[in-house]
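Reading through the structure tokens given below for one structure.
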Amino acid sequence: MLEFRLLGPVEAVVAGTPVPLGGLKPQVLLAALVLERGKVVSTSRLVELVWGEDPPTSARSLIQTYVSKLRKALADHGAPDVIVSRSPGYLVRLDGAQVDADALALLLSQAKQESQAHAARLLSEAVALSRGPALSGLQDTLLRGEARRLDELLVAVQEERFATELGLGRVEHLAELTGAVTRHPANERLRGQLMVTLYRLGRQADALACYREGRDALVDELGVEPGSEIVAIHSAILRGTLELVPAEVAPIGQTAVVPAQLPASPADFTGRVRELAALAAGLADEQPAVHVVAGQGGCGKSVLTVRAAHEASAWYPDGQLYAELRGTSDVPATPGEILGRFLSALGIDTPALPESTQERQELYRTLLSGRRVLVVLDDAASEEQVRPLLPGAARCAVLISSRDRLAGLAGALFTELDLVTPEEAHDLLARIAGDARLAGEESSARRIVDACGRLPLALRIAGARLASQRRLPLQVLADRLTDERRRLNELAAGDLAVRSSISLSYRSLDTSARTALGRMGHLGLPDFSTWVVSWMLQTSEAEAEKVLEVLVDAQLATLSGADAAGVLRYRLHDLVRLYARERAEADEPLELTGSTARVLSGWIALLGATTRDNPPAESTWHPALDHRDPADIAELAARLPADLDTWLQGEEPSLAVAVERAAAIGLHRQVCDFVSAHNAIEQVTNRKELRDRIIAVAMTSAKHTGDPALEADVLAVLAALRYAQDRFADSRRLYGEALSLCRNQHDVRGQAAALAGMGVACREPGHLTEAVHFLSQAATLSQALDDQVRIGQVLRIRGSVHLELGDFPAAWSDLEESLAAYHRAGSRRGVALSLRTMGLYHRARGEYDESMAACADAAVIFAELGDDLMHSYAVRAHAKAQMRAGFAAEALPRLESALATARAHEDRWGQAATLRVLGQLHLGGGRLDLAQDCLDAAMSLWESMETPLWQARTEHDLALLHRARGDVVAADAAFARAREVFHARGAREHRELV
1 MLEFRLLGPV EAVVAGTPVP LGGLKPQVLL AALVLERGKV VSTSRLVELV WGEDPPTSAR
61 SLIQTYVSKL RKALADHGAP DVIVSRSPGY LVRLDGAQVD ADALALLLSQ AKQESQAHAA
121 RLLSEAVALS RGPALSGLQD TLLRGEARRL DELLVAVQEE RFATELGLGR VEHLAELTGA
181 VTRHPANERL RGQLMVTLYR LGRQADALAC YREGRDALVD ELGVEPGSEI VAIHSAILRG
241 TLELVPAEVA PIGQTAVVPA QLPASPADFT GRVRELAALA AGLADEQPAV HVVAGQGGCG
301 KSVLTVRAAH EASAWYPDGQ LYAELRGTSD VPATPGEILG RFLSALGIDT PALPESTQER
361 QELYRTLLSG RRVLVVLDDA ASEEQVRPLL PGAARCAVLI SSRDRLAGLA GALFTELDLV
421 TPEEAHDLLA RIAGDARLAG EESSARRIVD ACGRLPLALR IAGARLASQR RLPLQVLADR
481 LTDERRRLNE LAAGDLAVRS SISLSYRSLD TSARTALGRM GHLGLPDFST WVVSWMLQTS
541 EAEAEKVLEV LVDAQLATLS GADAAGVLRY RLHDLVRLYA RERAEADEPL ELTGSTARVL
601 SGWIALLGAT TRDNPPAEST WHPALDHRDP ADIAELAARL PADLDTWLQG EEPSLAVAVE
661 RAAAIGLHRQ VCDFVSAHNA IEQVTNRKEL RDRIIAVAMT SAKHTGDPAL EADVLAVLAA
721 LRYAQDRFAD SRRLYGEALS LCRNQHDVRG QAAALAGMGV ACREPGHLTE AVHFLSQAAT
781 LSQALDDQVR IGQVLRIRGS VHLELGDFPA AWSDLEESLA AYHRAGSRRG VALSLRTMGL
841 YHRARGEYDE SMAACADAAV IFAELGDDLM HSYAVRAHAK AQMRAGFAAE ALPRLESALA
901 TARAHEDRWG QAATLRVLGQ LHLGGGRLDL AQDCLDAAMS LWESMETPLW QARTEHDLAL
961 LHRARGDVVA ADAAFARARE VFHARGAREH RELV
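Per the working numbering, residue 1 is the first one in the sequence shown, and the count goes up by one each step.
Take a look at the structure:
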């Protein structure tokens, strides 16, 4: 016969012979399988039980190894095929096997049905099964909750045994009972039994001393006074009225109805390992608390609480009470109704039930006094509904599930359920649909999990549909669920429906919360700030925050943190968002356009305010004539961080979704105005794909309006993005299209912007003469408009082109005027750009001290603005001047830092320019291999862009490298190719080399 022993060290015994199990981890694995009593334990759960939160990468392989060794050990002792592989893990076959913990529970149950004499014998057998603390040696693993449960079960057996012995008038158990009280000093039932035993032995003083010790222990350790039952025993001992003999009047050990009302636990329960372990450990406490499991509808609160209650049931030998409180229904259960049901379950006949709720509550608490009962309250609505149902007995536990956090329950312990992990979601789908249904279609299974948003209810429905419709391909269901308009319709099976679950919470909301949820669902942002909701509802930020807290309390929104401005941000689960969108489109379709427009206008005003307070270096944004700023926009703008790009980085995913939604409902002018305002903000990061997405929407919107001026604005924005992407030919073409539209509309400001852009886009590829042509026209128009920002930009760029051409007087004149214009405009970034270009001028003139000073000043300003990319450009310029001045060793680490920054921003131009300078530095130091690597890498990057002049400059550097290696032929060929480009482009190197 095979025996599994858990009441002490973990053992497997075959025909009286112990089976060697190995070390701690195989013992944990075997115990976990045995405790599930023939149910499958997933490999992922076994990994967590064996290693906790930090498993090794080879954990799954090690589990297989442990299973293999355990199988062999059992088979060698005559017990083959005990551990069976069963997806998604393993199970233990208990056919004919005995588990001592099960025998203990069975003997306890049988004893409660027998006479006291027979019960005493059964309980003695039960106590004899213990060989020490349950699961000895495993108490520090995640099985500690199970260990405490089994130990508590043994304590319950001991309590019943001593009660039965006392009922029979026996006192021979004194030594054993004294030891039990020593081990469990806060157990009032054991202590009361010891007091009765001492009293019957004529040791009244010792009995009273035992009470005092127990009271001190309760007050010191738990801060509570003894319960009514032990107080009554103490009083009876003091009065000398405690009955000495008759079993039927023994104060302890009296029989009572033992309710067992828990519903069945789902066989496909999976995941929630940490939450289940924490609840089990809490319920195993000798002084258990009130536990509240909170979470959004469909997250598995009820399933978890029922599972935890079943696992804890053996710790509560006096019964388990269960009630569905219908908290999310139109007619929640009343406390009086539930108390009536509980009292009936506890043995009170219907005619004897008190009429008032107060009297029922008093009788309920009286009946539970001195007993250990678990009360499970599912779907609670509020603290007011729950409080009358809380027992007064310290040894009773209450387990509550609710969509509300019930924060007003003093002393309650809270478990907040989030979505299940991706692995748990996949396991749940597999458990319900069957592994065979998912086999070979992992991609479709992942799409289904993603569409369900890892919400257990949605996964159960999807799994049920796959299980019941065996011919429905996973890909077809995945495709249907991907369609947002069909998703909620598809997530329904039998009496389960995601839409119905969400609607229960929605119906409990007030009008403001419903409106906010609906409008946020319609807008569809991935997350959003209180500012957005305040614009949407046309209310204050404080009022918007109150509304959002209502949604959070209803588990319909989640607080996701705070942004760089310190503003709280929230998010909606995808399925909640889809439901909210349905409600909004049904309840207030005419208001949705207005609320979306207000949100876009709020962002436009916020971006515009930042450009007024901190003028940019390249353009000035002018709002539409009909634009109206929200009243508090200046205050909001003042709260934005100095590093505006950090705030934008968190905001832009939501901005992109809002722009797309606005375009979809016809807000085309607002979309174009937003994109222009967004472009006016200095873009210092590499989020070019997101900008491309926004501008593409605006391009379509501009065409919808039929307004050439708007189309020109958006074309110029797109041209600027193409320039940032080093696509200079595309940039010139788009600026040319914008220029034509602006000329047709006699838009002088637009013409100046387009001409400036064309000049910039000509400079980088080395079309220097053309660049001067366009920039000179832009300068004339900008001066006529008295646009100081545009004057500063155009003259700075034209000055840099004159520098490339070798016209030093013209270059310096433009740069001085540019710097003055930026100062007049108050643009610190413009000042820094001009200073850096002045540094390049001084370096070209051999004025290295002046060059380093100008570049250092520019670097300081860029650092203060949080523009680390342009800071790296200033650092590179400063380092090159250092190198030319003979301080190459000091320049090297600064150049390497600048290269790292350019790579972090995916800036090809910055990488190529820095690699070229590093190549020059290594060449000057005689490190020819390093120089070759750097210059080759720079050349590859230049070739990926339209930059023949910079390719020629790098080729000239390679020619010097070839000469240093003695390869005259290669050097001469490279010199010739470089000089040809210098001549064709009119670059100053042509004259300098001649």
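No residue lacks a Cβ here, since even glycine has one placed at the ideal position from N, Cα and C. Note that this is a predicted model, so its numbers are computed, not measured.
Within the stretch 348–384, ranges of the alpha helix (DSSP H) (whole runs, at least 4 residues): Here the runs fully enclosed are 357–368.
Three CB pairs or more closer than 8 Å across the stretch 142–161 and the stretch 312–325: At 8 Å Cβ cutoff, the stretches touch.
Any non-hydrogen atom of the ligand ZN within 7 Å of A12 CB: Here there are no bound small molecules, and the ligand ZN is not part of this structure.
Beta-carbon separation (whole angstroms), L496 vs A462, contact threshold 8 Å: Incorrect: roughly 10 Å between the Cβ atoms, too far for contact.
For D404 and P630, the rounded distance between their alpha carbons: Roughly 34 Å separates the two Cα atoms.
Close Cβ partners of L218 (< 8 Å) along its chain, the five nearest in sequence each way excluded: Result list for L218: A186, E188, V224, E225 and P226, in chain order.
Rounded distance between the beta-carbons of Q287 and P335, thought under 8 Å: That pair is no contact at about 24 Å.
Cβ separation of R465 and L474, assumed to be a contact under 8 Å, to the nearest whole Å: With a Cβ gap of about 10 Å, R465 and L474 do not count as contacting.
Under 8 Å between C-beta atoms of W647 and V599: Taking C-beta atoms as the reference points, W647 and V599 fail to come closer than 8 Å.
Coil, strand or helix - V684 by DSSP: Reliability fails at V684, whose pLDDT of 44 lies under 50, so the model's placement of it is uncertain and the value that follows must be treated cautiously. Coil.
Collapsed DSSP secondary structure at L6 in the structure displayed: Coil.
Identified DSSP bridge partners for F414: Answer is V292, bridged to F414.
Cβ-Cβ separation, A702 to V714 (assumed contact under 8 Å), whole Å: With a Cβ gap of about 5 Å, V714 and A702 count as contacting.
Inter-residue Cα distance where the pair is G766 and A638: So the alpha carbons of these two residues sit roughly 42 Å apart.
For R982, the nearest candidate out of G89, P948 and E229 (CA to CA): One point to set straight first is that residue 982 is Phe, not Arg, in the sequence displayed. With distances taken between CA atoms, F982 lies nearest to P948 out of G89, P948 and E229.
L572 vs A513 beta-carbon contact at 8 Å: Cβ distance not < 8 Å, so L572 and A513 don't count as in contact.
Through-space distance from L833 to R824, alpha-carbon basis: So the alpha carbons of these two residues sit roughly 15 Å apart.
DSSP state of S329 mapped onto helix, strand, coil: In the structure shown, the three-state DSSP call for S329 is coil.
Continuous alpha helix (DSSP H) stretch holding T334: start and end: Following the DSSP letters along the chain, one finds T334 in no alpha helix (DSSP H), marked with neither H nor E.
6 Å CB neighbourhood of R894 in its chain, flanking five on each side removed: V875 and A879.
Among Y322, E442 and S508, nearest to S265 - alpha-carbon criterion: Of the listed residues, the one whose Cα sits closest to S265 is Y322.
Per DSSP, cross-strand counterpart(s) of G561: Its beta-bridge partners are R569.
Best match in L690, A542, P589 and A597 for proximity to D632 [C-alpha to C-alpha]: Looking at the Cα atoms, A542 is the closest of the given residues.
Whole-angstrom distance between D933 and R991, CA atom to CA atom: Taking the straight line from one Cα to the other gives about 29 Å.
Proximal residues to A844 (C-beta, below 7 Å), its chain only, five neighbours per side dropped: Same-chain partners within the cutoff: L803.
For L710, the nearest candidate out of E689, L374 and H668 (CA to CA): It is H668.
Endpoints, beta strand (DSSP E) assigned at G89: Residue range G89 to V92 is occupied by the beta strand (DSSP E) that includes G89.
Distance between A811 and S800 (C-alpha atoms, nearest Å): The alpha-carbon of S800 is positioned some 6 Å away from that of A811.
Within 8 Å, strictly: CB atoms of V671 and I695: A distance of 8 Å or more separates the beta carbons of V671 and I695.
Member of L491, G411, A662 and E847 whose CA lies at the smallest distance from the CA of H704: Closest option to H704, Cα to Cα, is A662.
Inter-residue Cα distance where the pair is L138 and E53: If you take the alpha carbons of L138 and E53, they lie about 16 Å apart.
For A458 and G434, believed in contact at Cβ under 8 Å, the rounded distance: Their Cβ separation, rounded to whole angstroms, is 18 Å, which puts G434 and A458 out of contact at 8 Å.
Simplified DSSP state of P641, which is helix, strand or coil: Three-state result, P641: coil.
Among S369, Y570, R326 and D692, the one whose alpha carbon lies nearest that of F528: Nearest of S369, Y570, R326 and D692 to F528, Cα basis: Y570.
Straight-line Cα distance separating L960 from T769: Just so you know, the alpha carbons of T769 and L960 end up roughly 28 Å apart.
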